[in-house]
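Below: one structure, written as structure tokens.
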Amino acid sequence: MAGYAAPKSWKNGMIEVGPKIFAYVQASRVDPDGDTGISNAGLIVGKDGVVAVDALMVPSMTKKLVAAIKKVTRRPVAQLINTHHHLDHTGGNTFFDTATIISTEKARDALAPGFPPVPLLQRFMPRFAAEFPKLRVVLPTVTFQDRMVIHDGDRRIELWHPGTPAHTIGDSVVYLPKEKILFAGDLAFHYVTPLAFQGHVGHWITALDRLLEFDADVIVPGHGAIGTKKEVTFVRDYLTLVRREAKTRFDAGMSAEDAARDIKIGAFATWSDTERILPNVMRCYQEFRNEMDAPMDLPRMLSGMEALRGRPSDHTCL
Ligand SMILES: [Zn+2]
Ligand SMILES: [Zn+2]
Numbered sequence: 239m240a241g242y243a244a245p246k247s248w249k250n251g252m253i254e255v256g257p258k259i260f261a262y263v264q265a266s267r268v269d270p271d272g273d274t275g276i277s278n279a280g281l282i283v284g285k286d287g288v289v290a291v292d293a294l295m296v297p298s299m300t301k302k303l304v305a306a307i308k309k310v311t312r313r314p315v316a317q318l319i320n321t322h323h324h325l326d327h328t329g330g331n332t333f334f335d336t337a338t339i340i341s342t343e344k345a346r347d348a349l350a351p352g353f354p355p356v357p358l359l360q361r362f363m364p365r366f367a368a369e370f371p372k373l374r375v376v377l378p379t380v381t382f383q384d385r386m387v388i389h390d391g392d393r394r395i396e397l398w399h400p401g402t403p404a405h406t407i408g409d410s411v412v413y414l415p416k417e418k419i420l421f422a423g424d425l426a427f428h429y430v431t432p433l434a435f436q437g438h439v440g441h442w443i444t445a446l447d448r449l450l451e452f453d454a455d456v457i458v459p460g461h462g463a464i465g466t467k468k469e470v471t472f473v474r475d476y477l478t479l480v481r482r483e484a485k486t487r488f489d490a491g492m493s494a495e496d497a498a499r500d501i502k503i504g505a506f507a508t509w510s511d512t513e514r515i516l517p518n519v520m521r522c523y524q525e526f527r528n529e530m531d532a533p534m535d536l537p538r539m540l541s542g543m544e545a546l547r548g549r550p551s552d553h554t555c556l
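Under my numbering, the first residue of the sequence shown is numbered 239, with each subsequent residue one higher.
Rendered as structure tokens:
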């Protein structure tokens, strides 16, 4: 299990991972305060256009991203891809007013009702509490079902949806086949515990198996360090372990909370946000009960995660 241990630190900021292809990484290490809301983005500067991948969450983050983009190119972003509907990837859409925003049809549908209520966000991510009331939803205007290709000169930017829910109902990845670079969105969390509170753990494992078939040398995750297929294998192994161990305890009649405490995760404990094991187990339990359409009980999830962390959130906004 030791191979799964998180490194002490990794590169952050705007990092060139291919010719004029950049990963924008916010965190530089496993953060003891957790990673929730601290996502990555991407930028592809082409002959004809500039394409961004994800928009981060709150204005203080996206303003820095936009400034970093302006250091790389003077041209406006023509297309912004939202890899899924989550707030930490779409909250900054308002800052890309020159761009056509693209997502899967399902991600757009999931974003359309709006962001979760501000008090819930403030409880889940207290560090950013002051900025949540400022957020405004901007929906994608171009959607696709399973695949889409953006052509820019001889560069292909391929968008791919795994065909089932995985991390969310409408995930997509952005793949550059010639350059062998993959922006995996939140299908990949590198050294950050994956979070499946709106996902399907079983299908997510299958989607990762399919991602591992992509011919990619560089993989930019939605959260954590830039990596390779090695880190994607780690995500799959974590989810496989949690699902297998959850099943044993589900069959034995153990509650999700007790199972989350009882499961031994070995070196995965060096990743940030280990308390996410609770929502992951809760979703596995919903999967085993065939109740995937039921929404997650978020207050129960948050209380359980706070108990696992051993302390309540810094602010009690609910
Ligand atoms: Zn995310
Ligand atoms: Zn997400």
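Here a beta-carbon is modelled for each residue, glycine too, at the ideal position from N, C-alpha and C. None of these values were measured; they are calculated from a predicted model.
- In the three-state scheme derived from DSSP, where H, G and I count as helix and E and B as strand, F334 is classed as coil.
- Considering only P351, H323, E495 and P354, the residue with the shortest C-alpha distance to I340 is H323.
- N320 and P459 have their C-alpha atoms spaced approximately 14 Å apart.
- With a threshold of 8 Å, the Cβ atom of D269 does not count as near ligand 1, since no heavy atom of the ligand is closer than that.
- Separation of P355 and Q436 (C-alpha to C-alpha, rounded to the nearest whole angstrom) is 16 Å.
- Comparing alpha carbon positions, the residue from E369, P371 and A348 closest to L377 is A348.
- Counting C-beta atoms within 10 angstroms of its own C-beta, N331 has 16 or more neighbours from the protein chains shown and is therefore classed as buried.
- Within the same chain, D390, G391 and R393 come within 7 Å of G284 by CB-CB distance, once the 5 residues on both sides are set aside.
- Beta-bridge annotation (DSSP): E396 is paired with V387 and Y413.
- A straight line joining the alpha-carbon of A532 with that of Y523 spans about 12 Å.
- Contact fails between the segment 309-316 and the segment 406-420, because fewer than three Cβ pairs, one in each stretch, are under 8 Å apart.
- Leaving aside the five residues that flank I464 on each side, the residues in its chain whose CB is nearer than 6 Å to its CB run, in chain order, A261 and V458.
- In the structure shown, Q524 adopts helical secondary structure according to DSSP, grouped into three states.
- Boundaries of the beta strand (DSSP E) harbouring Y262: I259 to V263, taken from the DSSP string.
- G460 has its Cβ nearer than 8 Å to a heavy atom of ligand 1.
- The Cβ neighbour count for L450, taken over all protein chains shown within 10 Å, is under 16; the residue is labelled exposed.
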